Each structure stands twice: as structure tokens, then as C-alpha cells.
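S.K.: Going down the list, the sequences are from chains A and B. Per the numbering used here, the first sequence starts with residue -4, numbered consecutively. Per the numbering used here, the second sequence starts with residue -4, numbered consecutively. Just passing along the structure, written as C-alpha cells.
There are 2 protein chains.
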Amino acid sequence: MAYSNGSERRAIDVLCPVIDMSDSPSPEQNHLLSMLSADTKVRLWPLLEWVPLPLGKVLYEAGGVLDHVYFPTDSIVSLLYVMESGASAEISVVGNDGIVGVSLFMGGESTPSRAVVQSAGAAYRLPAKQIKEEFNRHGELLLLLLRYTQSLLTQMSQTAVCNRHHSVDQQLCRWLLLSLDRLSSNQLKMTHELIANMLGVRREGVTDAAGKLQKLGVIEYRRGKITVLDRPALEHLSCECYAVVKNETDRLLSYRPLTADAKVVVRN
Amino acid sequence: MAYSNGSERRAIDVLCPVIDMSDSPSPEQNHLLSMLSADTKVRLWPLLEWVPLPLGKVLYEAGGVLDHVYFPTDSIVSLLYVMESGASAEISVVGNDGIVGVSLFMGGESTPSRAVVQSAGAAYRLPAKQIKEEFNRHGELLLLLLRYTQSLLTQMSQTAVCNRHHSVDQQLCRWLLLSLDRLSSNQLKMTHELIANMLGVRREGVTDAAGKLQKLGVIEYRRGKITVLDRPALEHLSCECYAVVKNETDRLLSYRPLTADAKVVVRN
DNA sequence: ATTCGTATGTACGATATCGCACAGTGATGC
DNA sequence: GCATCACTGTGCGATATCGTACATACGAAT
Chain A
-4 MAYSNGSERR AIDVLCPVID MSDSPSPEQN HLLSMLSADT KVRLWPLLEW VPLPLGKVLY
56 EAGGVLDHVY FPTDSIVSLL YVMESGASAE ISVVGNDGIV GVSLFMGGES TPSRAVVQSA
116 GAAYRLPAKQ IKEEFNRHGE LLLLLLRYTQ SLLTQMSQTA VCNRHHSVDQ QLCRWLLLSL
176 DRLSSNQLKM THELIANMLG VRREGVTDAA GKLQKLGVIE YRRGKITVLD RPALEHLSCE
236 CYAVVKNETD RLLSYRPLTA DAKVVVRN
Chain B
-4 MAYSNGSERR AIDVLCPVID MSDSPSPEQN HLLSMLSADT KVRLWPLLEW VPLPLGKVLY
56 EAGGVLDHVY FPTDSIVSLL YVMESGASAE ISVVGNDGIV GVSLFMGGES TPSRAVVQSA
116 GAAYRLPAKQ IKEEFNRHGE LLLLLLRYTQ SLLTQMSQTA VCNRHHSVDQ QLCRWLLLSL
176 DRLSSNQLKM THELIANMLG VRREGVTDAA GKLQKLGVIE YRRGKITVLD RPALEHLSCE
236 CYAVVKNETD RLLSYRPLTA DAKVVVRN
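Structure (C-alpha cells):
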């Protein structure tokens, strides 16, 4: 892969003095951005804007016009659908493995879902105009983004099936794994209430399911902090949906989640 | 729109004598194909192969390699996800408004779902090589197919939400409307059993729901033939999901379903 | 007309989730 | 230290759907 040696990286630094790398993390933290060639990086880096994404921030509303695409570095963004009744369900999760705002380059300009920050962190963003321009060069970014979009299709269809056939217990496991893959530690800041919103179930249902997992020693939590203690057990208890999506995403994007030993392991 | 006058149509006939239009219906019956410019049509028509699609035919298996994309004319194809347990759920429906096999041009080559003919009819198909070549010209077909893919994203995410929050009764209405929009009559050949497979529920659940609709005079059925008598009522009884998907698809593709007066109305 | 396979109708207990209500309990701020 | 709020635990009846079992009825084929 390009960028594996120091000289190339230095060339970028020289060409793109606009971005102060000491302040903000490297765009490379986003897998999609890191997979680009040196040429494309030289073109795109100066256009990227680093933005902190506080918990709960809404990147775009359902039906609203998108003005940027976001490449999360260490944040997690949920694509959430909110119904007329107020009931909601998470359609997809995006972390440093993806991009938020595919409808910008797919041609639709808007989507019927809302993008909301589920785990605070940051992202690099690119204005609508720039992403379209780059997309229309019909180069590697187009290919990459299309493959990512296909992985989104998989994620969404699997969510549909999971919602139909699996228990809250199983879905909680799946959800925890999806989040875990996109975090650099084994701890997530998340209340039962918020998870319930994502899964589209009652808060009490999540409390029940989480209680069982805690009794089993798989997770540990208190007041908005969930620590995963036994990830293999979580995978075992989860429905097949997690593995299907992960395998397909790996296939499409050679996505590599942070391995256990690269993580900051927390015990609370 | 192009092709509104006779001279252009004749030009095509001269240029593409390979396709015998008297045997097979026009590719124009597929909305995506009909939206192309004259130039593109001249290029594509000779490559299209007309194929009858009998009920139940599997266009591709989950994980299998796709060798063609299909543009249904009067057939309906379901994208069906079948789980390890054998339980299934319909992810999306494709009729003359769309194309089957988006993963071919999205770059994935395969998908974890199965494409199965839900309503017999025919389609035009294009070999993998040809659709990729045309896609890589980066012309109007690319734009069109990307917008269609976005409408697929909408359809899938709405399915996910619907599976989570709506009753079998509501979902049956939504499903009937989706099928109706893709048929040229008000009658569908479909057993409760098959509908149950699509919705991912029990057959008895469908029988119950259909029984209620029949009692209300909204539909009429016997042994695999369902006749819709009161479409407005169906829309009223359906959840919002139908309308959301329809509006979004209209917006993205200017899709126009067959209007009531253009239909062959059947009473059984 | 009879037969037979398939489609549909119905019933009933089991289960999962819901909706609601309220009781603890940890964290945070004054 | 205390008050307060947000988060979590728990209980209970209501409801929807499930799984299963079996009855009925249509219609195609002989």
C-alpha cells in the first residue's frame, strides 16, 4: 500500500502545510482516506476540514440538504430513522471505516434519515462541491466510495432482517460489537436509553438484556459506561448478522478493525 | 424526453435489426432503460437479451457471482435474504422501475441476498462485461444507476424500520401496494404462504391480515389470486413506509407507476 | 364426478415485547 | 453534606406474534 514509507509522508507534509498535523490527528485514521493513492491524497488533504463531533450532534436531518461529507476518525455516527410517531431505528453505523453522506455523490442530495453522533470524537469533512468534483474525476475515489456504498447496502439489508427475526438480546450483542469495532477502547459511553433508541426497542428491554450479559460476565456497566470484558462471548451470543456484515465489509473494503492488543483496555 | 417522436424510433429500428420487436416487448417498458438518451440506446439495445422469467426463478444466489444485470419489463423480482435458520425476509422489490444486480457495477460482484422472481414476466438482461463497460464510460447510465442505487438504500432502510415497528396488517398493505405499482393489472398471483416468506412472518399471520382486508372489501382473493378492489383504502391502511419510499423514488428517478386507468382491471 | 394436492381458516397455549408505574442508586452541583 | 437528576432495576397486565395442530375448501387432473 502507498504511504508505507516515510518519504512519501513527508512529501505530503510539505505540499499541504495548511493542515496542522500536530493539532489534529491524521486523516489516515479514516480507512477510506488512508486507502487513497499519494496523488489523490495530495489533492484532497488541503481541502479536508477537521471538525470535532460532540455526542448528539446532528450532521444532517432527514430530508435536509447535505453540505458536507464526513470521514470520521475516532467518532461514531449513527444513521437514524425517526418515524412520524417518534419511534426510531438505527439504519447503519459509521466509524473510521466509512463516510457519512453517500447521497451527496449518489446524486440524491438528501436522505430520509438523520445522521447523529453516537460517540464523541472527530471527523474530517469535505464540502459538497469538492466531493462531487473529486467523484466526477472518475478515479479511485469513485471506486472506493461505490464499494463502501455497497457495504452500506449490506449493512442496511442485514439490519432489516435482524429487526425481523432476532431477539433484543441478540441485537444488543450485535450492536455492541459494531460499536466496539469502531472504538479504540473496550469501553463505550452509552446509556440503556440511547441504545434503546438505536435498536428501536424499549429502554427496559435493553436493561434486561444488558443485565443478562453482565451476569454472564461478558460486559460490565454503570451509569452510561459499558465495558466489554469478553468479546468472544459477545460474538458467540450475537446473531449471525454481525459476522455477515463484517465479512462482507472486509471483502469489499479490506477493512481491518483495531485488534484487541492495539486497544486501550479499561477496567472500571 | 427523447424518443417521443416516431423518426427517432425508426432510426433505432434500422440500427438494431438484431432485436425483433414484434416478438419481445420494447426495452422502453423498463423505466431506467427508457430514460436513456438516443445515443446510449443505440449502443445498448443490440446488447440486450430478452429473457422470460418464470415464477420462482432464481436470478442469483446469495454470495454467488452475478453474470448479468436484469431490467424487468413486466416481471417482479424480490431481493430475498435467507438466514441460516431458513427464515427469510424480503429486502427490496424490483419491477420495471429498476435493475437487478447493482453489485455488479458497485464493484462488489456479489451480494448476500438472493434474487427470485416473484411475479412471472420478462426482463432484458445485459452481460456483466457490457454493463461494466457502459458504466465505466461515466455517462448518463452511471448517473442513473447511482440514483437508482440510492433509491434502493432508501427502500432497504425503510424495510428495516418497518420490520421493527409495524404490524403484519400494515406491512401486508405496504407489500401489496409495492407489488401493485409494478404490475399492469390489479390482480396478483400470490399465495399467503409466499407473501409470508417475503414479509418474514407466519403464513397464518398473512391469512389473518388478508382476511381482515377482504372483510373490509379492500381486496378479494381465492387460492393464489389476490384482486385489489380499493387501492385508496389500502394506502390508508398501510404504514407510512410505502409513501416514504414512493416519494423518495419519485424524487430520485421521476418514477411514474401505471395509473389506474391505464390498467387492466380484473374482477374475479 | 371423483380424487387429491394445495391453499386457506381457525384454535390455543407459549413467548417476547410493550406500556406503564414506581423504586433504588450513583453522580453531580450547590 | 445534601439535594437533585439521570440512570438503572423490577413488576405486571396487555398485546402481538409464534408454533403447532388440524379442519375445510377449492380446483386441476383423471
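Just so it is clear, CB atoms sit at the ideal spot from N, CA and C, and this is done for glycine as well. None of the values given here were measured: they were computed from a predicted structure.
Cα separation between GLN166 (chain B) and THR222 (chain B)?
M.R.: Straight-line Cα distance between these residues: approximately 17 Å.
S.K.: So the candidates are A:LEU43, A:LEU173, A:ALA155; which of them puts its Cα closest to the Cα of VAL75 (chain B)?
M.R.: At residue 75 (chain B) the sequence reads Leu, which differs from the Val that was named. Ranking the options by Cα distance to LEU75 (chain B), first place goes to A:ALA155.
S.K.: Can you find the residues in the same chain that come closer than 6 Å, C-beta to C-beta, to ALA110 (chain B), ignoring five residues on each side of it along the sequence?
M.R.: Excluding residues within five positions, the ones whose Cβ falls inside 6 Å are LEU54, TYR55, VAL72, LEU74, VAL95.
S.K.: Closer than 7 Å between beta carbons: that is the criterion. Which residues of the region 124 to 149 of chain B meet it against chain A?
M.R.: Here the close residues are HIS133, LEU138, LEU141, ARG142, THR144, GLN145, LEU147, LEU148, THR149.
S.K.: Relative to the C-alpha of GLY93 (chain B), which residue among B:LEU137, B:ALA123, B:LEU27, B:ASP62 is closest?
M.R.: Among B:LEU137, B:ALA123, B:LEU27, B:ASP62, the Cα nearest to that of GLY93 (chain B) belongs to B:LEU27.
S.K.: For LEU138 (chain B), is the classification buried or exposed, using 16 other Cβ atoms within 10 angstroms of its Cβ as the cut-off for buried?
M.R.: Flag for LEU138 (chain B) reads exposed.
S.K.: For a contact meaning CB atoms closer than 7 Å, what does SER108 (chain A) contact in chain B?
M.R.: Those are SER152, listed as they occur along chain B.
S.K.: Short of 6 Å in beta carbon distance, which residues of its chain neighbour ALA57 (chain B), apart from the five on each side in sequence? Order them along the chain.
M.R.: Taken in chain order, the residues that qualify are PRO107, SER108, ARG109.
S.K.: Listed from N- to C-terminal order along the chain, which residues in the region 66 to 100 of chain A have their beta-carbon within a distance smaller than 7 Å of any beta-carbon of chain B?
M.R.: For the region 66 to 100 of chain A, which is checked against every Cβ of chain B, the residues closer than 7 Å are TYR76, MET78, GLU79, ALA82, ALA84, ILE86, SER98.
S.K.: Ends of the beta strand (DSSP E) at GLY116 (chain B)?
M.R.: Where GLY116 (chain B) is concerned, the enclosing beta strand (DSSP E) stretches over 116 to 122.
S.K.: Check PRO252 (chain B) in the structure and name its three-state DSSP category.
M.R.: Residue placement at PRO252 (chain B) is flagged as unreliable, the pLDDT there being 46, under the threshold of 50; the coordinate-derived value follows with that caveat. DSSP places PRO252 (chain B) in coil when its eight states are reduced to three.
S.K.: According to DSSP, is GLU44 (chain B) helix, strand or coil?
M.R.: If DSSP states are grouped into helix, strand and coil, GLU44 (chain B) belongs with the strands.
S.K.: Mind checking who SER146 (chain B) pairs with in its DSSP beta bridge?
M.R.: Partner(s): none; SER146 (chain B) has no beta bridge.
S.K.: Check each candidate in A:CYS236, A:ILE214, A:GLU129 and name the one with the smallest Cα separation from THR149 (chain A).
M.R.: The shortest Cα separation from THR149 (chain A) among A:CYS236, A:ILE214, A:GLU129 belongs to A:CYS236.
S.K.: What is the residue span of the beta strand (DSSP E) that SER70 (chain A) lies within?
M.R.: No beta strand (DSSP E) holds SER70 (chain A); DSSP gives it neither H nor E.
S.K.: Could you work out which residues of chain B lie near GLU199 (chain A), taking near to mean beta carbons separated by less than 7 Å?
M.R.: Simply none; closest approach about 16 Å.
S.K.: What are the start and end residues of the alpha helix (DSSP H) that includes GLN209 (chain A)?
M.R.: Counting along the chain, the alpha helix (DSSP H) containing GLN209 (chain A) begins and ends at 198 to 210.
S.K.: If I follow the unbroken alpha helix (DSSP H) through ARG169 (chain A), where does it start and stop?
M.R.: Note, ARG169 (chain A): alpha helix (DSSP H), 163 to 176.
S.K.: Kindly identify the DSSP beta-bridge partner or partners of SER87 (chain B).
M.R.: Bridge partners of SER87 (chain B): B:LEU74.
S.K.: Note the first and the last residue of the continuous alpha helix (DSSP H) segment covering ILE190 (chain A).
M.R.: ILE190 (chain A) -> alpha helix (DSSP H) spans 187 to 194.
S.K.: Rounded to whole angstroms, what is the Cα-Cα separation between SER180 (chain A) and LEU224 (chain A)?
M.R.: If I take the Cα positions, the gap works out to 11 Å.
S.K.: Taking the alpha carbon of LYS220 (chain B) as the point to measure from, which residue in B:LEU194, B:ASP34, B:GLN125, B:LEU183 has its own alpha carbon closest?
M.R.: Nearest C-alpha to LYS220 (chain B): B:LEU183.
S.K.: Tell me whether the beta-carbon of GLY51 (chain A) lies closer than 8 Å to the beta-carbon of ARG177 (chain A).
M.R.: No.
S.K.: Can you pull the chain A residues whose beta carbon is under 8 Å from the beta carbon of LEU247 (chain B), in chain order?
M.R.: Chain A residues near LEU247 (chain B): GLY102, GLY103.
S.K.: Just to check my reading of the structure: GLY102 (chain B) and LEU39 (chain A) have Cβ atoms closer than 8 Å, yes? What is that Cβ distance to the nearest angstrom?
M.R.: That pair is no contact at about 20 Å.
S.K.: For the beta strand (DSSP E) holding VAL223 (chain B), just list the boundary residues, first then last.
M.R.: Taken as a continuous stretch (DSSP letters only), the beta strand (DSSP E) holding VAL223 (chain B) covers 220 to 223.
S.K.: Is any beta-carbon of chain A found at less than 8 Å from that of ARG217 (chain B)?
M.R.: For ARG217 (chain B), the answer is no, since every Cβ of chain A falls outside 8 Å of its Cβ.
S.K.: When DSSP labels each residue in this structure, what does SER98 (chain B) get in the three-state scheme?
M.R.: Helix, per DSSP.
S.K.: Out of B:GLU23, B:LEU121, B:PRO227, B:VAL77, which one is the CA nearest neighbour of LEU175 (chain B)?
M.R.: With distances taken between Cα atoms, LEU175 (chain B) lies closest to B:PRO227.
S.K.: Buried or exposed: where does LYS36 (chain B) fall if 16 or more other Cβ atoms within 10 Å of its Cβ makes it buried?
M.R.: Burial call: buried.
S.K.: What does ALA155 (chain B) reach in chain A if we use C-beta pairs closer than 7 Å?
M.R.: Correct list: ALA84, ILE86, MET151, THR154, ALA155, ASN158.
S.K.: Considering only residues of the same chain and omitting the five flanking positions on each side of PRO49 (chain A), which have a CB-CB separation below 6 Å?
M.R.: Excluding positions up to five away in sequence, the list reads ALA115.
S.K.: Looking at the structure shown, is SER233 (chain A) part of a helix, part of a strand, or coil, going by DSSP?
M.R.: In this structure, SER233 (chain A) counts as coil in the three-state DSSP scheme.
S.K.: How many Å lie between LEU99 (chain B) and PRO122 (chain B) at the Cα?
M.R.: So the two alpha carbons sit approximately 10 Å from each other.
S.K.: To be precise: take each residue of the region 47 to 64 of chain B, compare its Cβ to all Cβ atoms of chain A, and keep it if any distance is under 8 Å. Which residues remain?
M.R.: Of all residues in the region 47 to 64 of chain B, none has a Cβ within less than 8 Å of some Cβ in chain A.
S.K.: At 8 Å on the CB atoms, spell out the chain B contacts of GLU235 (chain A), in chain order.
M.R.: By Cβ distance, chain B contributes MET78, GLU79.
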